[in-house]
Each structure stands twice: as C-alpha cells, then as structure tokens.
Amino acid sequence: MIFPPLGSYDDLIRDIPLSVIYAATHSVKAGFRVRILDLRLNPEDWRRMVSEVVGQGCGLVGVSVMTGYPIKTGLAISRFVKEIRPGQRVVWGGPHPTVLPQQTLEHPDVDFVIRGWGSQSLCQLLEYLYRGLGILDDIPGLGWKEDSGIRLNAFRSTHEVLDHWDIPYGLVDVTPRNYQRMKNTDSLIFPVFTSLGCPYQCTFCITPALGRELQGKRWIGFDVGSVLDHMEFLARNYPIKAFQIYDDDAFIDRKRMALFFDGYMERGLHERYFLEFRGVRINELDRMDDDYLARMVRANVRLLVIGLESGSDRVLRSMRKNITREQVKRVNIKLARFPQLLPHYNFFCGTPGETFEDLLETKELILQLLRDNPRSYLGVGADWKPIPGAVMTEEAVRDYGLRLPSTLEEWVTMDSTDTTEEIRHPWYTPQIANFIKLMQITGKVMDDKVLQEGGSFPPLLRVVMRLLIQGYRPLLRWRLRHNAAGFLVEHDLMYLFFRLFVGRRT
Numbered sequence: 023m024i025f026p027p028l029g030s031y032d033d034l035i036r037d038i039p040l041s042v043i044y045a046a047t048h049s050v051k052a053g054f055r056v057r058i059l060d061l062r063l064n065p066e067d068w069r070r071m072v073s074e075v076v077g078q079g080c081g082l083v084g085v086s087v088m089t090g091y092p093i094k095t096g097l098a099i100s101r102f103v104k105e106i107r108p109g110q111r112v113v114w115g116g117p118h119p120t121v122l123p124q125q126t127l128e129h130p131d132v133d134f135v136i137r138g139w140g141s142q143s144l145c146q147l148l149e150y151l152y153r154g155l156g157i158l159d160d161i162p163g164l165g166w167k168e169d170s171g172i173r174l175n176a177f178r179s180t181h182e183v184l185d186h187w188d189i190p191y192g193l194v195d196v197t198p199r200n201y202q203r204m205k206n207t208d209s210l211i212f213p214v215f216t217s218l219g220c221p222y223q224c225t226f227c228i229t230p231a232l233g234r235e236l237q238g239k240r241w242i243g244f245d246v247g248s249v250l251d252h253m254e255f256l257a258r259n260y261p262i263k264a265f266q267i268y269d270d271d272a273f274i275d276r277k278r279m280a281l282f283f284d285g286y287m288e289r290g291l292h293e294r295y296f297l298e299f300r301g302v303r304i305n306e307l308d309r310m311d312d313d314y315l316a317r318m319v320r321a322n323v324r325l326l327v328i329g330l331e332s333g334s335d336r337v338l339r340s341m342r343k344n345i346t347r348e349q350v351k352r353v354n355i356k357l358a359r360f361p362q363l364l365p366h367y368n369f370f371c372g373t374p375g376e377t378f379e380d381l382l383e384t385k386e387l388i389l390q391l392l393r394d395n396p397r398s399y400l401g402v403g404a405d406w407k408p409i410p411g412a413v414m415t416e417e418a419v420r421d422y423g424l425r426l427p428s429t430l431e432e433w434v435t436m437d438s439t440d441t442t443e444e445i446r447h448p449w450y451t452p453q454i455a456n457f458i459k460l461m462q463i464t465g466k467v468m469d470d471k472v473l474q475e476g477g478s479f480p481p482l483l484r485v486v487m488r489l490l491i492q493g494y495r496p497l498l499r500w501r502l503r504h505n506a507a508g509f510l511v512e513h514d515l516m517y518l519f520f521r522l523f524v525g526r527r528t
C-alpha cells in the first residue's frame with residue numbers, strides 16, 4: 023500500500039495516512055501480509071523505498087490517489103513498479119479513481135480500481151487473486167480490465183464503519199518527526215473520525231455525488247463512548263499532543279457533540295490533549311450559544327477550520343452553502359469573544375461565472391474578519407479546482423465551456439498549487455486572474471499563521487520570513503485598498519521562496 027507525495031505542502035503539513043491504513047484493515051485481519059510505504063517521508067529516494075519491497079515479490083500494489091498533483095506521483099509509482107517487476111498488478115483507490123474509474127483504467131499502468139470505501143473490497147480482491155475465493159463481479163466498487171473491455175461493479179451502498187480495535191496503525195511509524203504541522207517536530211496531531219459522511223449539497227464538493235450511491239443516511243455519527251475509547255487507546259500508544267477531528271462535518275448533531283465534549287473532560291483527556299476540528303460550518307456555529315462555545319473552550323478546543331469559501335452572497339448561493347456574508351461576520355464576532363477558539367477560514371477563488379465584483383466582496387469580507395478577530399487565520403485562496411463528479415464542475419462544462427482533461431495525466435494541470443501551467447479558466451479575464459493571485463498572497467501573509475505556527479523552522483529562516491512578511495504587508499495593504507493587482511511580480515517570488523525553503527517540491 024503506497025501513499026504518494028502530494029506536492030509542495032508535504033513538508034508543511036504531513037498528516038498520518040489514514041486512507042491507506044483504513045484500506046488495509048480487513049486485509050490485515052484476514053491474515054494477508056501488508057506493508058505501507060508513505061513516500062512523503064523520503065520523496066527524493068522513493069524509488070529505493072519501493073524497489074526494496076516490490077523487488078522482493080509483491081502480490082498487489084495499492085496506490086491512494088487524489089485529483090491533481092498526486093496523479094503525477096501515482097503514475098510515476100505505478101510505472102516504476104511495472105518496470106522493476108513486469109506483470110506486477112496495481113490497484114488504485116482514493117477520490118480520483120472513485121469518480122473517474124473508466125478513464126483511470128484506460129491507463130496501461132493501472133490494472134484495478136476500487137471506488138469509495140475500500141477496506142472490505144480490497145480484502146475480497148486479495149482473496150480472489152491469491153486464495154481463489156469469490157468472483158470479481160461480487161466485489162463492491164471494483165473496476166478491472168477484460169479482453170471485452172473495462173468492467174465496473176456497483177458502489178458499496180452503505181458506509182464502511184471500521185472497529186477501531188482492528189485499524190492497523192502499526193503499519194506506519196507514527197512519530198512526531200514523521201507526522202507534523204508547520205515543521206513543528208514536537209507536535210503529533212492525530213486525526214480521528216467521530217462520524218462519516220455529510221448531508222449538505224455543496225456544488226463544489228464530491229461528497230454529494232458519492233452520497234447518491236448510498237442507501238439510507240448520508241451522515242452517521244459513531245457512538246460517543248466508542249470514539250472516546252479509541253482516543254484513549256491512541257493516547258496510550260502514541261506521543262500525541264492533540265487530536266484533530268477529521269469528520270467532513272462534526273456538528274450535524276450538536277447534542278451528540280456536547281456529550282462528546284463532556285465525556286472528553288470526564289476522562290481527563292482535555293488536560294493533556296487539545297482538540298482541532300477540520301470541518302466546521304458557519305451555519306452550525308451560528309446556532310451555537312455562548313454556553314456551547316464555553317463548553318468547547320473547557321474541553322480544550324483550539325482550532326476550527328471553517329469553510330468560508332467566498333465572500334459573495336451570489337457565489338455562496340451558487341455553491342449551495344446555505345450561509346450569507348452577514349452570518350459569517352456575526353459568527354466571527356462571536357468567536358472573537360472566545361480567544362482560545364482559533365478560526366481558520368478556508369476560501370478559494372475563480373469559481374464558474376465568478377466576477378471581479380464577487381472577488382472584491384471576498385476581499386472585503388476576509389479583511390473585515392481580520393479586523394473583527396485579529397487572531398483569525400486565512401486559507402491560501404487557491405484557484406477553484408474542478409472535481410470530477412461535482413455539480414459545479416458539470417455546470418462549468420455545460421454553461422462556461424470548460425474543457426475537462428481527456429487523459430489521466432492532464433488532471434495534474436488542474437491543481438493550482440503545484441502545476442507549472444497558469445490556471446486560466448474560460449471565464450477568467452486578465453483582471454480576474456491577476457486579482458486571484460493577489461488574494462493568494464493575502465491568504466499566505468496577511469494573517470500571522472506562518473509566524474505563529476512555524477516555531478520549529480530554522481531560526482535564521484524564521485527571522486528572514488518575519489522580516490519579509492512584515493516588510494511586504496504595507497505594500498499588500500496598499501494593493502488591497504486600491505485593488506491594484508497589476509505587475510504582481512511578488513506572487514512568483516513568494517511561491518519560489520515557499521517551494522525552496524518552506525514546502526519542498528517533490
């Protein structure tokens with residue numbers, strides 16, 4: 023099982039590779055010998071890591087692949103294993119082959135795909151290949167090649183819920199050195215799920231499309247007691263500093279999460295480990311009163327990663343976010359009364375039909391958020407990335423003339439963070455394209471996240487970054503005040519500096 027390099031953020035944020043760990047669960051339990059290679063740990067020498075394992079003999083190589091830059095590394099890995107061991111079978115799983123299985127299987131270096139939740143399906147595939155059990159047609163989500171063409175089985179119709187006692191965390195070397203945030207090498211932040219799925223219908227997201235394949239509830243919350251048992255198990259076995267709740271949306275049932283916070287405190291976990299939340303919605307925060315937020319503070323919640331997405335009500339409606347900019351302002355002011363709760367507002371730019379006026383509204387909103395709550399952090403403001411299967415992607419093709427990649431390799435260029443080609447969607451004007459670059463600079467340096475969270479950067483680099491950021495901010499404020507995004511040479515310089523010294527390019 024291989025987790026490929028993801029791109030230039032790998033040195034900055036490197037989470038435990040839950041996707042391949044979870045996918046291995048049923049296979050390990052069934053007695054198969056599984057190895058996990060996390061190639062982010064040594065991206066310059068990944069070929070040696072792979073050849074040491076595959077060269078000795080390997081029944082099946084699995085690769086977890088997301089849309090964008092990981093396709094480039096995933097294909098390089100698949101090609102390499104077939105070079106060193108001709109005939110080696112390769113199976114891809116993860117978001118991209120889940121939504122584009124046909125195109126993925128058309129590539130000669132991919133033999134199988136598993137769509138959706140894949141632990142049980144992977145085990146069934148291994149049992150078919152090496153124990154002669156079952157038939158391929160009965161494996162949910164499996165895709166494969168036959169002489170007659172490509173075959174695709176139906177999706178698994180229910181969420182795949184794993185018993186936490188069975189999850190084979192021991193397949194990876196879970197240490198703070200390997201898995202870290204902002205190069206802060208003494209901080210192991212362990213991701214944990216308390217629920218699966220999401221009932222919302224955001225048009226830019228793939229989850230609604232996957233949800234259409236499910237029978238029954240699109241969101242299920244795990245038993246609170248079992249979640250806390252899981253966290254205590256992890257705390258006993260790993261040098262954890264914090265837990266990150268990895269749910270797509272943890273606050274669908276606020277009463278359930280209140281019970282979680284109470285149990286977390288009753289077990290004394292809050293005294294040793296703080297909490298982060300990866301997926302938090304504005305409308306759910308808006309419904310929380312001060313007592314609820316105070317409970318979160320007592321439970322040692324530190325970070326809330328919030329999906330702001332845009333500051334334009336028109337764009338938010340097109341996204342079906344069910345929030346407004348006034349609601350965002352109200353929530354931000356409320357959170358400012360609880361300084362321990364650090365909001366991190368993610369946003370992106372360049373959605374289909376987004377205008378220059380929409381971008382100005384986003385600019386005004388994020389600057390207002392920083393004024394009202396100076397401790398707020400901002401996302402990086404990346405260009406919108408077409409996600410195969412998402413409603414917004416379909417609208418971009420139908421209404422705005424977006425041409426989607428016709429081959430697997432072409433999807434690499436859709437990732438604005440790591441592509442060497444400039445993103446220019448059909449609805450972009452030069453004014454829009456330049457202003458998006460200005461917004462990306464704003465997301466990186468207008469707040470204090472790099473200065474505050476980069477505590478383990480080399481001291482000299484930290485001093486240089488502080489001087490550069492503080493020296494540049496007056497010019498950035500002038501540009502934002504006058505909407506002056508022309509001759510933006512600092513955008514390329516910033517990304518060059520980032521890739522050379524902060525986030526390693528793989």
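Going by this note's numbering, 380 is the number at position 358 of the sequence shown; the sequence numbering is gapless.
By construction, the Cβ of each residue, glycine as well, lies at the ideal position given by its N, Cα and C atoms.
Beta-carbon contacts of residue i that lie in its chain and below 8 Å, excluding the five residues immediately before and after
{"i": "residue 184", "result": "44, 47 and 141"}
{"i": "residue 378", "result": "451, 453, 454 and 457"}
{"i": "residue 88", "result": "28, 116, 117 and 118"}
{"i": "residue 254", "result": "289 and 291"}
Reduced DSSP category for residue i - H, G, I as helix; E, B as strand; rest coil
{"i": "residue 449", "result": "coil"}
{"i": "residue 509", "result": "coil"}
{"i": "residue 366", "result": "strand"}
{"i": "residue 295", "result": "coil"}
{"i": "residue 399", "result": "strand"}
{"i": "residue 329", "result": "strand"}
{"i": "residue 412", "result": "coil"}
{"i": "residue 122", "result": "coil"}
{"i": "residue 351", "result": "helix"}
{"i": "residue 407", "result": "coil"}
{"i": "residue 210", "result": "coil"}
{"i": "residue 42", "result": "helix"}
{"i": "residue 492", "result": "helix"}
{"i": "residue 437", "result": "coil"}
{"i": "residue 306", "result": "helix"}
{"i": "residue 202", "result": "strand"}
{"i": "residue 485", "result": "helix"}
{"i": "residue 72", "result": "helix"}
Neighbourhood of residue i by C-beta, 6 Å cutoff - its chain only, sequence neighbours within 5 removed
{"i": "residue 467", "result": "491"}
{"i": "residue 120", "result": "137 and 138"}
{"i": "residue 418", "result": "374 and 424"}
{"i": "residue 351", "result": "none"}
{"i": "residue 465", "result": "400, 401, 402 and 403"}
{"i": "residue 122", "result": "410"}
{"i": "residue 133", "result": "111 and 112"}
{"i": "residue 54", "result": "148"}
Beta-carbon proximity of residue i to residue j, cut-off 8 Å
{"i": "residue 197", "j": "residue 237", "result": "no"}
{"i": "residue 112", "j": "residue 83", "result": "yes"}
{"i": "residue 222", "j": "residue 36", "result": "no"}
{"i": "residue 281", "j": "residue 302", "result": "no"}
{"i": "residue 212", "j": "residue 38", "result": "yes"}
{"i": "residue 157", "j": "residue 147", "result": "no"}
{"i": "residue 388", "j": "residue 369", "result": "yes"}
{"i": "residue 298", "j": "residue 328", "result": "no"}
{"i": "residue 382", "j": "residue 469", "result": "no"}
Close-in-space but distant-in-sequence residues of the same chain around residue i (CB under 7 Å, 5 per side omitted)
{"i": "residue 518", "result": "none"}
{"i": "residue 528", "result": "The predicted position of residue 528 is uncertain, since its pLDDT is 33 and thus under 50; a value taken from the coordinates is nonetheless stated next. These residues qualify, in order along the chain: 27, 29, 32, 65 and 95."}
{"i": "residue 363", "result": "315, 318, 319, 323, 326 and 357"}
{"i": "residue 233", "result": "219 and 240"}
{"i": "residue 152", "result": "81"}
{"i": "residue 434", "result": "90, 91, 93, 94 and 441"}
{"i": "residue 278", "result": "243 and 246"}
{"i": "residue 163", "result": "136, 137, 138, 140, 143, 175, 177 and 178"}
{"i": "residue 270", "result": "219, 220, 229 and 301"}
{"i": "residue 501", "result": "460 and 507"}
Option nearest residue i by Cα separation, candidates the options
{"i": "residue 150", "options": "32, 81 and 244", "result": "81"}
{"i": "residue 516", "options": "459, 501, 496 and 500", "result": "459"}
{"i": "residue 215", "options": "348, 259, 61 and 246", "result": "246"}
{"i": "residue 252", "options": "343, 174, 365 and 291", "result": "291"}
{"i": "residue 10", "options": "409, 382 and 501", "result": "Not covered by the structure: residue 10. The range shown for the chain is 23 to 528."}
{"i": "residue 342", "options": "388, 407 and 413", "result": "413"}
{"i": "residue 261", "options": "210, 269 and 226", "result": "210"}
{"i": "residue 189", "options": "295, 85 and 41", "result": "41"}
{"i": "residue 106", "options": "72, 60 and 130", "result": "72"}
{"i": "residue 143", "options": "499, 329, 176 and 310", "result": "176"}
{"i": "residue 510", "options": "470, 462 and 493", "result": "462"}
C-beta neighbour in chain C for residue i, strict 8 Å
{"i": "residue 98", "result": "Judged by its chain identifiers, the structure shown contains no chain C, having just a single protein chain."}
Take every Cβ of the region 482-496, pair it with every Cβ of the region 443-450, and state whether three or more of those distances are shorter than 8 Å. Taking 8 Å as the limit for Cβ pairs, the verdict is that the region 443-450 does not touch the region 482-496.
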